[in-house]
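Some notes on the structure that comes next.
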Amino acid sequence: MSTELKPGFCQTGDLTAGNRLQSIDVVSVQSQEDRANSLTSGHRACQGCGEALGARMAIDKVMELSKNKVHVVNATGCLEVFTTPFPETSWNVPWLHSLFGNAPAVATGVQAALKAKGMEDVTVIAQGGDGSTVDIGFGCLSGMFERNDDVLYICYDNEAYMNTGVQRSGATPPTARTATTPLSGPHPGNNFGQGKNVPKIAMAHGIGYVATATIANVRDLEAKVAKAMSMKGARYLHIHVPCPLGWGSLPKDTIKLARLAVESGLYPLFEGEHGVITGVTKIRKKVPVDEYLKLQRRFTHLFKKGADTDDLAGVQAIADAHIKYYGLLDDGDK
Amino acid sequence: MALTLPYAITLEVGSSLENKTGDWRTERPIYLDRLPPCNIECPAGENIQAWLGLSQEGKYQEAWEEILHNNPLPAVHGRVCYHPCEDGCNRKQMENPVSIHAIERFLGDEALKNNWTIPKAADTGKSVLVVGAGPGGISAAYHLCKMGHKVTVVDSKPAVGGMLRYGIPSYRLPRDVLDSEVAHIEKMGVTFKFNTRIDNLAASIKDGGYDAAFLAIGAHVGRSVEIPNDGSVKIIEAVKFLSDMETEDKKPELGKKVAVYGGGNTAIDCVRTAVRLGADSVNLIYRRDRKNMPAHDFEVVEALEENVNLNELRTIKEMKDGKLTLDIMELNAEGWPESTGKTETIEADTVLYALGQLVDASLFNDCTGIDVEKDGVTNVNDQFMTGMDGVFAGGDMIPSARTVTTAVGHGKKAARYINAYLKGEAYTPAEKHETASFDKLNTWYYEDEDMREQPVLDLKKRTTTFEEVLGDLDEATAKYEATRCMSCGNCFECDNCYTVCPDNAIIKLGRGNRFEINYDYCKGCGMCVEECPCGSMLMEPEEL
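So the sequences go chain by chain: A and B. Note that the first sequence covers residues 0 to 333 in numbering that gives the first Met the number 0. Note that the second sequence covers residues 0 to 543 in numbering that gives the first Met the number 0.
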């Protein structure tokens with residue numbers, strides 16, 4: 000009896016970061032002992048920080064593909080503060096911090112300077128959290144997009160201003176409790192119908208490449224970095240990074256939450272080129288949003304006695320709309 | 000350094016390494032091995048996860064050697080073991096278990112094809128008598144020989160195998176497989192003497208100059224029952240019937256209408272053999288219902304496929320004029336059968352009794368101190384030693400489950416105690432790791448993949464010949480099936496812990512060399528433990 004084997008089959012397929020049974024060409028850079036560790040140990044991120052992880056995953060892949068020729072410009076925020084408290088830094092890359100709102104503009108300037116010096120083979124990265132990307136630096140970001148500057152911008156989205164004490168941002172989801180969206184009134188937490196979807200706004204600029212990624216799927220994340228690196232001009236990568244402190248979740252559940260955000264449909268994984276969606280990463284085992292929300296204290300009010308069930312239903316409706324819009328389920332798997 | 004630096008200036012690359020964040024920790028991750036349920040369930044104590052892991056890498060010879068640490072007969076076991084390992088397999092809780100037995104068979108057959116051998120230790124000058132060339136005796140002989148002792152195996156039958164040959168039909172275990180696998184053990188230096196019955200054990204030990212003895216004489220005496228019979232129905236004992244099948248000049252003569260009385264695996268072997276011998280009708284009669292049959296259900300299924308009639312909840316009341324009067328039973332509240340008073344009749348010219356087996360303990364004639372129960376079962380201590388110094392026993396003759404693999408396990412364990420006895424040492428088994436139960440796994444990371452079944456012989460051949468019913472897996476399929484193993488409790492290097500640590504506190508030592516934890520920087524978030532697919536990490540409170 001003969002068996003049709005999937006190429007590179009092993010018990011975990013491509014679900015784990017690596018596997019001793021798989022060739023080095025198909026496993027993630029993160030799974031290899033010679034990865035760059037662009038963000039090294041000793042940083043002051045909280046236990047189980049998703050952002051520290053997302054940044055290392057993305058920049059390590061950039062370093063591999065650029066053969067370490069990379070400049071990083073960082074906006075103000077957690078990532079800047081916990082990696083670089085004077086006089087130490089955790090970065091193993093050329094790294095520059097200026098202001099909260101100007102990282103895309105500074106990156107444009109760095110790229111122009113490199114060009115003037117004939118160093119166009121150096122990759123320029125601008126990066127920040129959702130605060131600097133969605134709110135404070137948004138004007139600079141939009142400008143960088145419309146000028147099509149040769150910069151890869153990476154947003155690490157933890158859905159609020161965590162560094163300053165968990166205030167609402169334009170990326171905070173409806174119903175989430177933050178310091179500025181307290182539990183009061185008939186619909187406690189953040190409002191429905193507000194906030195910005197920056198991946199879609201980036202798509203609307205018609206730039207070469209836009210993608211969403213998650214720290215729960217490192218192979219997908221690295222493939223998207225690689226795709227972005229294969230192009231010139233303005234590119235945008237949006238990485239979902241759970242925050243144990245701001246979300247009120249257990250540090251050990253960071254990857255699990257990132258995974259449930261995808262599997263529930265709340266955080267769709269897609270990529271697009273020049274304003275057109277070119278691919279989605281399908282949901283593997285669909286879960287109701289409850290499974291994702293219940294692990295986070297910022298949502299516990301949704302499950303308290305007397306809570307308005309419309310609120311929870313509203314969050315589920317967002318997930319369902321994503322599933323439909325992006326086609327996140329396989330056919331016949333509805 | 001550095002507080003002397005002006006503000007807003009270039010900082011030393013990677014200088015945060017000075018900040019040892021390990022002191023934030025209140026819990027620490029531990030990297031460990033747990034004991035997988037397949038291993039726990041295996042009566043021979045095989046390290047199944049280890050040899051499946053080697054098979055995944057295509058290292059078949061090393062995989063076979065790993066089996067041989069515990070069991071010298073993988074080609075045999077891949078065919079006849081009831082694989083309790085697969086009942087324990089954690090994959091069973093996802094889709095279906097790994098087909099462990101089929102991979103074991105593949106490895107055993109590869110060894111026979113390639114003449115793989117196991118080296119043995121230097122001669123110790125000690126000699127051991129093994130009585131019984133069945134699975135228990137073969138196992139003990141192999142292990143003792145490997146340890147450097149001189150081993151002689153004697154058996155009253157004309158050929159090797161005990162119940163493997165004289166109890167298990169050849170459509171389940173082809174004899175050339177058995178003979179080839181034992182030939183390997185003979186080549187290692189074990190001496191076999193057949194047609195040799197021991198009636199006075201103490202004298203045989205003394206005359207042969209043996210330093211110890213291991214007995215595994217099995218249970219070959221069929222249990223009988225008194226049922227009125229006018230002589231029109233021929234009665235044969237199941238164990239004798241199956242044994243005679245192997246002896247050319249004693250081939251049993253069955254009638255055309257055969258009934259088998261009993262519900263164990265021996266009864267199933269009898270009905271299926273009767274089908275193959277050309278009986279027109281074969282009836283299996285059992286006093287309880289199918290659910291309560293001691294026989295394994297997959298064997299019952301195979302018998303039913305071969306046109307055996309199952310008469311459950313029936314006992315034989317009387318045999319007269321070529322007919323059996325069956326008492327119709329029902330189960331009482333305790334699950335035991337009681338007569339309903341109603342009867343029915345079926346036709347039969349031959350009835351085989353498969354009602355259990357007793358031990359013929361007559362070899363103890365000249366021995367003292369041996370504790371034998373009334374059915375011949377012999378008691379041993381926790382080191383497998385009987386009441387007589389230096390005489391050990393195992394297999395069907397001691398109180399335990401009567402399976403081939405149990406006997407092989409006894410042979411292995413007894414060999415370790417005998418070795419210690421011969422050297423004047425004490426043997427203490429290694430402490431077992433804690434169980435890698437299903438709740439320790441993160442099954443998100445495993446692909447959903449169904450078991451690939453072995454090919455089955457077509458029904459026509461199954462009912463007319465003694466050809467082997469189950470076929471081989473080819474190499475690609477065996478490897479695929481091995482790769483379904485989730486490696487419960489034992490790291491298989493998926494690199495998740497290394498990848499998900501936000502503090503780079505897991506050190507990857509290179510493929511094949513596993514990982515270390517750098518507690519200088521580990522903040523104790525526990526993500527590595529949570530995202531470990533196979534449960535080979537745990538969190539432990541830090542001593543504060």
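Just so you know, even glycine gets a beta-carbon here, dropped at the ideal spot from N, CA and C. All of these numbers come straight from a predicted model, not from anything done at the bench.
What whole-angstrom Cβ distance do residue i and residue j have, given they're in contact under 8 Å?
i         : j         : result
Gly525(B) : Pro28(B)  : 7 Å
Gly87(B)  : Ala132(B) : With a Cβ gap of about 30 Å, Gly87(B) and Ala132(B) do not count as contacting.
Glu65(B)  : Asn46(B)  : 6 Å
Asp148(A) : Gln110(A) : 6 Å
Leu143(B) : Ile397(B) : No, Leu143(B) and Ile397(B) are not in contact; Cβ-Cβ is about 18 Å, not under 8 Å.
Thr461(B) : Glu305(B) : Note on residue identity: the sequence assigns Arg, not Thr, to residue 461(B). Arg461(B) to Glu305(B), Cβ: 6 Å. Contact.
Ile254(A) : Glu529(B) : 7 Å
Ala74(A)  : Gly142(A) : No, Ala74(A) and Gly142(A) are not in contact; Cβ-Cβ is about 14 Å, not under 8 Å.
Glu119(A) : Tyr208(A) : At roughly 18 Å, the Cβ-Cβ gap does not stay under 8 Å, so Glu119(A) and Tyr208(A) are not in contact.
Gly41(A)  : Tyr520(B) : 6 Å
Tyr445(B) : Thr11(A)  : 6 Å
Ala178(A) : Gln193(A) : Not quite, the Cβ-Cβ distance comes to about 16 Å (not below 8 Å), so this is no contact.
Opposite residue i in the DSSP bridges: which residues?
i         : result
Asn36(A)  : In the DSSP output, where bridge partners are listed per residue, Asn36(A) has none listed.
Asn228(B) : Met318(B)
Ser54(B)  : Ser54(B) is not bridged to any residue.
Ser126(B) : Lys149(B)
Leu151(A) : Ile124(A) and Arg234(A)
Leu214(B) : Val130(B) and Ala392(B)
Ser338(B) : Met328(B)
Val209(A) : Tyr235(A) and Gly271(A)
Glu555(B) : Beyond the ends of chain B as shown, which are 0 and 543, falls residue 555(B); an answer cannot be given.
Gln110(A) : In the DSSP output, where bridge partners are listed per residue, Gln110(A) has none listed.
Leu357(B) : Val220(B)
How is residue i classed by DSSP in three states: helix, strand or coil?
i         : result
Ala429(B) : coil
Asn114(B) : coil
His76(B)  : helix
Thr174(A) : coil
Gln315(A) : helix
Pro36(B)  : helix
Trp246(A) : helix
Asp206(B) : helix
Val261(A) : helix
Phe99(A)  : coil
Asp326(B) : strand
Asp519(B) : coil
Val181(B) : helix
Asn282(B) : strand
Glu333(B) : coil
Thr132(A) : helix
Val28(A)  : helix
Tyr325(A) : helix
Glu576(B) : For residue 576(B) there is no data in the structure shown, the boundaries of chain B being 0 and 543.
Gln382(B) : coil
Lys333(A) : Caution applies to Lys333(A), whose pLDDT of 46 falls short of 50 and renders its modelled position unreliable; the model cannot decide the point.
Asn189(A) : coil
Thr377(B) : strand
Val407(B) : helix
Thr256(A) : The question names Thr, but residue 256(A) in the sequence shown is Leu. In this structure, Leu256(A) counts as helix in the three-state DSSP scheme.
Requested in this report: Check each residue of the stretch 209 to 222 of chain A: if its Cβ is closer than 7 Å to any Cβ of chain B, include it; give the result in chain order.
Outcome: Val217
Report task. Could you tell me which uninterrupted beta strand (DSSP E) segments, each at least 3 residues in length, are contained entirely in the stretch 234 to 276 of chain B, listed from first to last along the chain? Result -> 256 to 260
**Report entry** Members of the stretch 13 to 30 of chain A that neighbour chain B once the beta carbon cut-off is set at 8 Å
**Finding:** Leu14, Thr15, Ala16, Gly17, Asn18, Arg19, Leu20, Val26, Ser27, Gln29 and Ser30
Query raised in the report: Which residue spans inside the stretch 264 to 309 of chain A form an unbroken beta strand (DSSP E) run of at least 3?
Result: 269 to 272 and 275 to 279
Query raised in the report: At which residue ranges does the stretch 447 to 471 of chain B contain complete alpha helix (DSSP H) runs of 4 or more residues, listed in the order of the chain?
Result: For the stretch 447 to 471 of chain B, the full-length alpha helix (DSSP H) segments reaching 4 residues or more read 458 to 463 along the chain.
Query raised in the report: Of all the residues that make up the stretch 482 to 498 of chain B, which are near chain A by a beta-carbon distance shorter than 8 Å?
Result: Thr482, Arg483, Cys484, Met485, Ser486, Phe491, Glu492, Cys493, Asp494, Asn495, Tyr497 and Thr498
Requested in this report: May I ask you to list, following chain order, the residues of the stretch 61 to 92 of chain A that have a beta carbon less than 9 Å from some beta carbon of chain B?
Outcome: Thr82, Thr83, Pro84, Phe85, Pro86, Glu87, Thr88, Ser89, Trp90, Asn91 and Val92
Query raised in the report: Where are the beta strand (DSSP E) runs, 3 residues long or more, that stay fully inside the stretch 39 to 91 of chain A, in chain order?
Result: Within the stretch 39 to 91 of chain A, the complete beta strand (DSSP E) segments of 3 residues or longer fall at 69 to 73, listed in chain order.
Query raised in the report: If contact means a Cβ-Cβ distance below 8 Å, which residues of the stretch 10 to 38 of chain B contact chain A?
Result: Residues Leu10, Glu11, Val12, Gly13, Ser14, Ser15, Leu16, Glu17, Asn18, Lys19, Thr20 and Trp23.
Query raised in the report: Going along the chain, which residues of the stretch 508 to 537 of chain B sit with their C-beta nearer than 8 Å to a C-beta in chain A?
Result: Leu508, Gly509, Arg510, Gly511, Asn517, Asp519, Tyr520, Lys522, Gly523, Cys524, Gly525, Met526, Val528, Glu529, Glu530 and Pro532
Requested in this report: Give, in chain order, every residue of the stretch 44 to 72 of chain B whose Cβ lies closer than 8 Å to some Cβ of chain A.
Outcome: Gln55 and Glu56
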